[in-house]
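Heads up: the structure comes next, in structure tokens.
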Ligand SMILES: [Zn+2]
């Protein structure tokens, strides 16, 4: 049975229409005097600041390290300065605080240098979920040089990579968004400034002074940088300003540091990835134990926001939904309940497919707005580098679609006949088979059949040995039974009885038995039986 509910296109962040967020926003924001900060001293150290939140990712893809950077833009004596928000008494990462870029917040904490160690935080106005990105992403590629090194990409190459190549950044976004997102623009530079010294050694004000200085050079050449929705800085290979990439969410600034050894595909991968952050996408991680935490930050090999062998790739199903890529074909994204489904390859043009391409199911146990996404991928076009396990089975992702910036997580890849269990939600997903033409794949999404529990009885044997026995159930539903004493498993057996010889006087023993089926799913506990050997028996 199908349950087809057409989903509205996901809210997406397009900062392009926000006057505070465009290129040149730092100057313009300074004029928005109304939103300015309170600067109140509570005691010798804790201070209160109000300002606008920026969120960035600083990363080094070569060793899979990254850091989420939260910054507060505040006005101080009429000048905009940035303070890095760090955890104080309030934990910012992994905690309950979910800051969105553009939020207006009041922060209290100890300020030291370019940082505030946050003790308390109140969101005064949330930026909320912005509109879907649509239209031309006019981009300024900026080559950067220093006194001993210059960007490892020429202006001609960068122009080619961004706008013109057969496999270009524009081509990738064009193909995925079905013509909604196009990259146009130009490349300038190189512009020279020290990229190794203390000038740009942190994400604090030194770095932003460095950026302002670069921008001043570009403006002096007659380039109106406020026209650009992306300012992409290509740093020299030996720059210490950034790792391999640095980009702000829902904000024009992106930085990439190509090495001379990188081939064109790798340079394009990094640029597409950082621009993806600009457009509001986080990382595509791998979460094999489905606990909501990516075990591998870049572990989804089927999405540019992951790490698909440093080559361009299409985006995965949740990112395609989040970005509104299929907004002209909303019926290709279906919300399911349970039953048999078939998905057609996400790489196919939806105008040329028969079936739905993304099926999402509410995941109810953890947080609001969380979904399972099921899709099928084929090595076509920009996905021609997909690893075989992605193209011979269905992909299962989770994603929290609440309008904030969230990772997508690949949970499992199911080859035909393989089953995925979610015991918390009591569902099973089973891949069936690929269609004859190879372009679609079937699966079932079904409630897990309950494993029946047993009824347990006990009697004392010789020497206080405890004889346990329990009701037998249909053997087709049982792989084995687990005997649990005082919350510790003491035996597994295929029999329906067990003699516990390892008992001694002075103890109280509580027993339950659990049925485990062939899939490893467990029943509810049996009834508990308790024997009290702590009392001396009357003769
Ligand atoms: Zn990244």
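Residue numbers (my numbering): 102 to 640. Ideal Cβ positions, reconstructed from N, Cα and C, are used throughout, including at glycine.
query                                                                                                                   : result
Close-in-space but distant-in-sequence residues of the same chain around residue 634 (CB under 8 Å, 5 per side omitted) : 565, 604, 605, 606, 607, 608, 609 and 610
Residue interval of the alpha helix (DSSP H) (run including residue 273)                                                : 270-278
DSSP-derived helix/strand/coil call for residue 627                                                                     : coil
Buried versus exposed call for residue 629 [16 or more other C-beta atoms within 10 Å across all chains shown]          : exposed
Between the CA atoms of residue 593 and residue 620 - distance to the nearest angstrom                                  : 16 Å
Touch test, the segment 329-340 against the segment 231-247, Cβ-Cβ under 8 Å, three pairs minimum                       : yes
Contact under 8 Å by Cβ, residue 369 with residue 238                                                                   : no
Boundaries (first-last residue) of the beta strand (DSSP E) holding residue 542                                         : 541-548
Every unbroken beta strand (DSSP E) within the segment 160-236, with a cutoff of 3 residues, ordered by chain           : 166-177, 180-188, 205-213 and 216-226
Residue 165 and residue 430 closer than 8 Å at C-beta                                                                   : no
Pick from 386, 583, 561 and 306 that is closest to residue 216, judged by C-alpha positions                             : 306
Endpoints, beta strand (DSSP E) assigned at residue 331                                                                 : 331-335
Beta-bridge pairing of residue 523 - partner residues as DSSP gives them                                                : 528
Cβ-heavy atom distance, residue 331 to ligand 1, below 7 Å                                                              : no
Residue 167 CB to nearest heavy atom of ligand 1 below 7 Å                                                              : yes
Neighbour-count burial assignment, residue 455, 16 or more Cβ in a 10 Å radius                                          : exposed
With 16 other Cβ atoms within 10 Å as the buried cut-off, status of residue 595                                         : exposed
Closest by C-alpha distance to residue 250, when choosing among 271, 287, 292 and 259                                   : 292
For residue 565, three-class secondary structure by DSSP                                                                : helix
Straight-line Cα distance separating residue 314 from residue 308                                                       : 10 Å
Given 8 Å, three or more beta-carbon pairs between the segment 473-489 and the segment 409-427                          : yes
Inter-stretch contact at 8 Å, needing at least 3 Cβ pairs: the segment 151-163 / the segment 197-214                    : yes
Alpha-carbon to alpha-carbon, residue 354 and residue 209                                                               : 27 Å
Contact test: residue 394 Cβ vs ligand 1 heavy atom, cutoff 7 Å                                                         : no
Any non-hydrogen atom of ligand 1 within 7 Å of residue 160 CB                                                          : yes
Inter-residue spacing [alpha-carbon to alpha-carbon] between residue 168 and residue 184                                : 16 Å
Candidates 626, 281 and 557: closest to residue 600 by CA position                                                      : 557
Straight-line Cα distance separating residue 479 from residue 364                                                       : 24 Å
Closest residue to residue 598 among 616, 587, 588 and 281 (Cα-Cα distance)                                             : 616
Residue 452 CB to nearest heavy atom of ligand 1 below 7 Å                                                              : no
Reduced DSSP secondary structure (H/G/I, E/B, other) of residue 468                                                     : coil
Supposed close pair residue 508, residue 378 - CB separation, criterion 8 Å                                             : Actually they do not touch by this definition, with Cβ atoms about 12 Å apart.
Pick from 517, 545 and 435 that is closest to residue 529, judged by C-alpha positions                                  : 545
Limits of the beta strand (DSSP E) - the one that residue 598 falls within                                              : 598-601
Classification of residue 590 by the beta-carbon crowding that lies within 10 angstroms, buried from 16 upward          : exposed
Proximity test, residue 386 beta-carbon vs ligand 1 heavy atom, cut-off 7 Å                                             : no
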